[in-house]
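Reading through the structure tokens given below for one structure.
Number of protein chains: 2
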Amino acid sequence: MSEVAQRSRERIARRQVDKFAERRAQLAEAALQTLAELGYARTSLRDIAQNSAFSHGVLHYYFSDKVDLITFCVRQCKAECVTRYDHVVATAGSAGELQRGFGAALAATLVQDAPMHRLWYDLRNQSLFDASFRGDVLEIDQSLEQMIWRVVARFAELAEAPPAVSPGVAYAVFDGLFQQALLRQAAGDDGGTAAASLRAGAEHVLESMILRR
Amino acid sequence: MSEVAQRSRERIARRQVDKFAERRAQLAEAALQTLAELGYARTSLRDIAQNSAFSHGVLHYYFSDKVDLITFCVRQCKAECVTRYDHVVATAGSAGELQRGFGAALAATLVQDAPMHRLWYDLRNQSLFDASFRGDVLEIDQSLEQMIWRVVARFAELAEAPPAVSPGVAYAVFDGLFQQALLRQAAGDDGGTAAASLRAGAEHVLESMILRR
DNA sequence: GCCGTGCTTTGACAAGTGTCAAGATTTTCT
DNA sequence: AGAAAATCTTGACACTTGTCAAAGCACGGC
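Residue numbers (this note's numbering), protein chains in the order written: chain A, 5 to 217; chain B, 5 to 217.
See the structure below:
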């Protein structure tokens, strides 16, 4: 094979790879929408396909398996969530500002992205029964823990007081608060009561995570 | 109809009611076992029946619906869980004793009843997608909140310091800790690391829930 | 004895599932 | 343009699911 033909073939291969990856992402996006709406237990591949521009056969062209698809979805979900609060961390000039900014960001997430987060909790629970997802779920959970820890560590820094908890405990605590707020919001929340108390609770708990004075 | 016959019929009716309720409980128990093992998404009525002494048709004799069955299961689950830590509350003679007892009890629950609790989280998440369970789930969640609050309130009493958090926040925090420990334990826990750090985390967090001095 | 009533099994049903393969269609290269 | 490859649709398959009805079984009352 000539060098030119070789290079041409490589270029084609790369383009195909790109297109392939792009369509995978596109289908995964449709899958995430569907899963977020219906939940893991009630979502079929045909539901997902109907939520995209394609027919149900395509899914097996781009994903080997249902598990493969959902695993990919989980990974894609991760990329969106993990940097959620970094902006607040970067721009806050004082401990109080960070505290208020974080509380507000949490509450905003609750209101805006509730379906995505209930899906996340759903899939995380699935990993307790089905080992297929466990690896990816754990990886994401660790990323989220680090995300939370960046907030807590920076808060301690700004407040000039050492953190009083471990990263694991900090993450677990905020996660619990968020999940509880999600439940209450789903239970019929007249005008953001859940969001407001999530905000207040988070600010208070963050305060108690450093050793003041 | 004579009085005797009347009474006899009533007695029979009552006996039937009792037997009916008893069998319902029996089947619900089998259902709980199965659900705890397989998870909500992968449990069928035939799976449940196979885990009992009966055939799959019986389920529709004692429960009108799959939802009916699972709702009943959830309620039955509640009765077992809600008084879990009351003994520690009743017998602890000092704040430190309550603190250690509660931590130990949480850790023991994690080790002994992990399947049941992953099922609880699974069903609670289901309620975020399916409104059928929502009412019962919320009711149980509130009972659990009260259970946790009995611990915190008693701890504050023994420590002679007022509580620093609301019941909702206290429950959310411990729930988050427990769930995180459950995840880590499921991820392959060599010899109770998750249980130990749950215990330590819970004791520390409980400490920070009162306004000392 | 027999009848009736409650309990249980069995088998069937329609709908829905993941999976796959054969063909139609589009894109790409020469 | 025409061939080759990639992409997409369609329809089918084997299987599972919730549901239900008909038939079999047990047992207490007359």
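Heads up, the beta-carbon is just placed ideally off N, CA and C, and yes, glycines get one too.
Considering residue i, what are the terminal residues of the alpha helix (DSSP H) in which it resides?
{"i": "Thr87 of chain B", "result": "No alpha helix (DSSP H) holds Thr87 of chain B; DSSP gives it neither H nor E."}
{"i": "Leu181 of chain A", "result": "Pro171 to Ala190"}
{"i": "Ala199 of chain A", "result": "Thr197 to Glu211"}
{"i": "Gly43 of chain A", "result": "Note, Gly43 of chain A: premise wrong, no alpha helix (DSSP H); not H, not E."}
{"i": "Val115 of chain B", "result": "Ala99 to Gln116"}
{"i": "His64 of chain B", "result": "Leu63 to Tyr66"}
Assign residue i to one of three DSSP states: helix, strand, or coil.
{"i": "Pro166 of chain A", "result": "coil"}
{"i": "Ala9 of chain B", "result": "With a pLDDT of 47 at Ala9 of chain B, under the threshold of 50, the modelled position of this residue cannot be trusted; read the value that follows with caution. Note: Ala9 of chain B maps to helix in three-state DSSP."}
{"i": "Ser131 of chain A", "result": "helix"}
{"i": "Thr47 of chain B", "result": "coil"}
{"i": "Asp22 of chain B", "result": "helix"}
{"i": "Asp140 of chain B", "result": "helix"}
{"i": "Asp126 of chain A", "result": "helix"}
{"i": "Phe58 of chain B", "result": "coil"}
{"i": "Asp193 of chain A", "result": "coil"}
{"i": "Asp69 of chain B", "result": "coil"}
{"i": "Ala34 of chain B", "result": "helix"}
{"i": "Ala96 of chain B", "result": "coil"}
Does the beta-carbon of residue i have 16 or more other beta-carbons within 10 angstroms, so that it is buried, or is it exposed?
{"i": "Asp22 of chain B", "result": "exposed"}
{"i": "Phe24 of chain B", "result": "exposed"}
{"i": "Leu127 of chain B", "result": "buried"}
{"i": "Leu181 of chain B", "result": "buried"}
{"i": "Glu101 of chain A", "result": "exposed"}
{"i": "His64 of chain B", "result": "exposed"}
{"i": "Gln189 of chain B", "result": "buried"}
{"i": "Arg216 of chain B", "result": "exposed"}
{"i": "Thr75 of chain B", "result": "buried"}
{"i": "Val71 of chain A", "result": "exposed"}
{"i": "Gln146 of chain A", "result": "exposed"}
{"i": "Glu84 of chain B", "result": "exposed"}
{"i": "Arg122 of chain A", "result": "buried"}
{"i": "Ala94 of chain A", "result": "exposed"}
{"i": "Gly172 of chain A", "result": "buried"}
{"i": "Ser56 of chain A", "result": "buried"}
{"i": "Asp131 of chain A", "result": "Residue identity differs from the one stated: residue 131 of chain A is Ser in this sequence, not Asp. The residue is buried, with at least 16 neighbouring Cβ atoms inside 10 Å."}
{"i": "Asp194 of chain A", "result": "exposed"}
{"i": "Thr38 of chain B", "result": "buried"}
{"i": "Ser218 of chain B", "result": "Residue 218 of chain B is absent from the structure shown; chain B starts at 5 and stops at 217."}
{"i": "Ser201 of chain B", "result": "buried"}
{"i": "Gly61 of chain B", "result": "exposed"}
What does DSSP give as the partner residue(s) for residue i in the beta ladder?
{"i": "Ile52 of chain A", "result": "Its beta-bridge partners do not exist; DSSP assigns none."}
{"i": "Ile214 of chain B", "result": "B:Pro167"}
Would you mind telling me which residues of chain A sit closer than 8 Å to residue i, beta carbon to beta carbon, in chain order?
{"i": "Phe133 of chain B", "result": "Leu42, Gly43, Ala45, Arg46, Arg122 and Asp126"}
{"i": "Gly107 of chain B", "result": "Chain A residues near Gly107 of chain B: none, gap ~13 Å exceeds 8 Å."}
{"i": "Asn55 of chain B", "result": "The premise fails here: Asn55 of chain B is roughly 16 Å from chain A at the closest Cβ pair, so nothing lies under 8 Å."}
At a CB-CB cut-off below 7 Å, which residues of chain B make contact with residue i?
{"i": "Asp145 of chain A", "result": "Leu187"}
{"i": "Ser212 of chain A", "result": "Ser212"}
Starting from the beta carbon of residue i, find every residue of chain B whose beta carbon is closer than 9 Å, and list them in chain order.
{"i": "Ser201 of chain A", "result": "Ser170, Gly172 and Val173"}
{"i": "Val155 of chain A", "result": "Those within 9 Å of Val155 of chain A in chain B number zero; the least Cβ separation is about 15 Å."}
{"i": "Val93 of chain A", "result": "What Val93 of chain A touches in chain B: nothing, since even the nearest Cβ is about 21 Å away."}
{"i": "Val78 of chain A", "result": "What Val78 of chain A touches in chain B: nothing, since even the nearest Cβ is about 14 Å away."}
Below 8 Å on C-beta distance, what does residue i contact in chain B?
{"i": "Asp179 of chain A", "result": "Gly180, Gln183 and Gln184"}
{"i": "Arg138 of chain A", "result": "Ala190 and Ala191"}
{"i": "Gly61 of chain A", "result": "Chain B residues near Gly61 of chain A: none, gap ~24 Å exceeds 8 Å."}
So which residues of chain A does residue i contact, with C-beta pairs closer than 9 Å?
{"i": "Gly195 of chain B", "result": "Within 9 Å Cβ-Cβ: nothing; Gly195 of chain B doesn't reach chain A, min ~18 Å."}
Name, please, each residue of chain A whose Cβ falls closer than 7 Å to the Cβ of residue i.
{"i": "Leu142 of chain B", "result": "Ala191"}
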